[in-house]
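Step one of this worksheet: look at the structure below.
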Amino acid sequence: MIHVVSINNQHYYGQQLDEMFRMRHTFYVEGHGWADLTSQDGKETDEFDNEDAVYLLSLDRWGKVAAALRLNPSNRPNLTATRLSHYLDAKPPHSPEIWDMTRWIVAPPYRGEVSPGDLKPGQELGCGLMEFALDRGLTGFSIISETRLISKLDDAGWKYHPLGPPISYENGKGEAQALLLEANPESLIRARQFLELNDPVLFEIKPDAADLIDRDQTSEVESKILMEMERLGKADAVRVVQTLADELAENVEHDPAAAVDAIISFSHRLLADLKKAEVSTISNPPIQSSRASAS
22 MIHVVSINNQ HYYGQQLDEM FRMRHTFYVE GHGWADLTSQ DGKETDEFDN
72 EDAVYLLSLD RWGKVAAALR LNPSNRPNLT ATRLSHYLDA KPPHSPEIWD
122 MTRWIVAPPY RGEVSPGDLK PGQELGCGLM EFALDRGLTG FSIISETRLI
172 SKLDDAGWKY HPLGPPISYE NGKGEAQALL LEANPESLIR ARQFLELNDP
222 VLFEIKPDAA DLIDRDQTSE VESKILMEME RLGKADAVRV VQTLADELAE
272 NVEHDPAAAV DAIISFSHRL LADLKKAEVS TISNPPIQSS RASAS
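Note that my numbering numbers the sequence shown so that position 233 is 254, with each residue one more than the last.
Here's what the structure looks like:
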């Protein structure tokens with residue numbers, strides 16, 4: 022299963038993200054000796070591990086990271102455009118429909134052959150990548166691939182376009198090339214056929230509507246109605262609630278979650294205020310006028 026981890030749900034994946042950053046340190050800093058990477062406390066991160074970043078994590082049966090990659094929108098700061106532009110012949114992709122894919126990594130226990138019938142996490146990750154593209158309406162990914170691995174894209178039947186020539190790195194230790202990888206329904210079909218998969222592999226914990234509410238806007242609406250309630254008093258509470266409903270109805274099409282949350286929040290405040298008013302009335306009964314006493 023491939024888990025989609027973003028700013029909206031990463032609090033559920035603290036342990037896995039920590040494990041991924043440590044894997045990146047072990048692979049890139051210790052294994053490849055890339056000293057220019059930012060690594061602290063045994064974890065490799067950079068400025069692109071930010072709120073825009075989305076991670077695809079292949080988790081094994083114990084919840085450990087078997088493989089992972091990072092995605093950033095190409096119309097936002099990303100690694101290829103900012104630090105690896107020398108691999109490109111022209112300007113880097115800049116579109117919300119194209120995302121930059123980096124930091125593809127597979128855990129050591131899963132880099133070799135797997136048992137018959139099992140799926141390699143790296144291969145499953147590729148299938149999840151195409152599912153993610155279709156879910157988000159993407160058309161492609163910019164990638165920097167080692168030239169020796171490009172044949173794996175051919176094996177999967179994926180189409181790609183060079184963004185620049187092959188370039189050697191680390192004084193000839195390796196060679197890599199910038200590519201634009203197509204993402205479309207055909208790419209997903211080919212990936213599933215290649216891996217003999219019938220079911221989706223992508224899983225994402227969606228945030229609750231309440232998590233996306235504009236709290237400032239909700240508080241503003243609530244405060245306005247509460248002020249009116251205090252001015253009118255308990256006797257007009259019903260009319261005040263109707264006023265709240267009418268006002269929220271005007272905005273419900275634009276932000277239904279905020280409207281519902283405001284109603285719930287206001288209801289609690291209203292009940293509390295009315296309860297206080299009842300206690301105050303019992304403790305301090307109204308004084309009858311002298312005319313009423315005389316009669």
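Cβ atoms here follow ideal geometry from the backbone N, Cα and C, with glycine treated the same way.
- Within the segment 55-134, the complete alpha helix (DSSP H) segments at least 4 residues long are 100-103, listed from N- to C-terminus.
- About 6 angstroms separates the CB atoms of Tyr108 and Ile188; that is less than 8 angstroms, so the two are in contact.
- Spanning the alpha carbons of Ala74 and Asn93 requires a straight line of approximately 5 angstroms.
- The Cβ-Cβ distance between Ala87 and Tyr131 falls below 7 angstroms.
- Taken through DSSP and simplified to helix, strand or coil, Val26 comes out as strand.
- The Cβ atoms of Cys148 and Leu216 lie closer than 7 angstroms to each other.
- For Leu223, the secondary structure class from DSSP, reduced to helix, strand or coil, is strand.
- If you check the CB distance, Pro114 and Ser166 do not come in under 7 angstroms.
- In this structure Trp83 is exposed. Its beta-carbon is surrounded by fewer than 16 other beta-carbon atoms within 10 angstroms.
- By the C-beta density criterion, Ser116 is exposed, having fewer than 16 other C-beta atoms within 10 angstroms.
- Remark: C-beta atoms of Gly161 and Arg211 do not approach each other more closely than 7 angstroms.
- A straight-line Cα-Cα distance of about 26 angstroms links Asn192 and Ala128.
- If the five residues before and after Met151 are omitted, its C-beta is found closer than 7 angstroms to the C-beta atoms of Ala204, Ser208, Leu209, Ala212, all from its own chain and listed in chain order.
- Listed in chain order, the non-local C-beta contacts of Leu105 below 6 angstroms within the same chain comprise Ile165, local neighbours out to five positions each way being set aside.
- Distance check between Gln144 and each of Tyr190, His53, Leu223 places Leu223 closest, using alpha-carbon atoms only.
- Selection Ile28, Lys64, Asn29, Thr168 evaluated against Met41 yields Lys64 as nearest (Cα-Cα).
- At least 7 angstroms separates the beta-carbon of Ile226 from that of Tyr76.
- A residue is called buried when at least 16 other Cβ atoms come within 10 angstroms of its Cβ; Arg124 meets this threshold and is buried.
- Gly133 and Leu146 have their C-alpha atoms spaced approximately 15 angstroms apart.
- Residue state for Pro183 is assigned as strand, using DSSP reduced to three classes.
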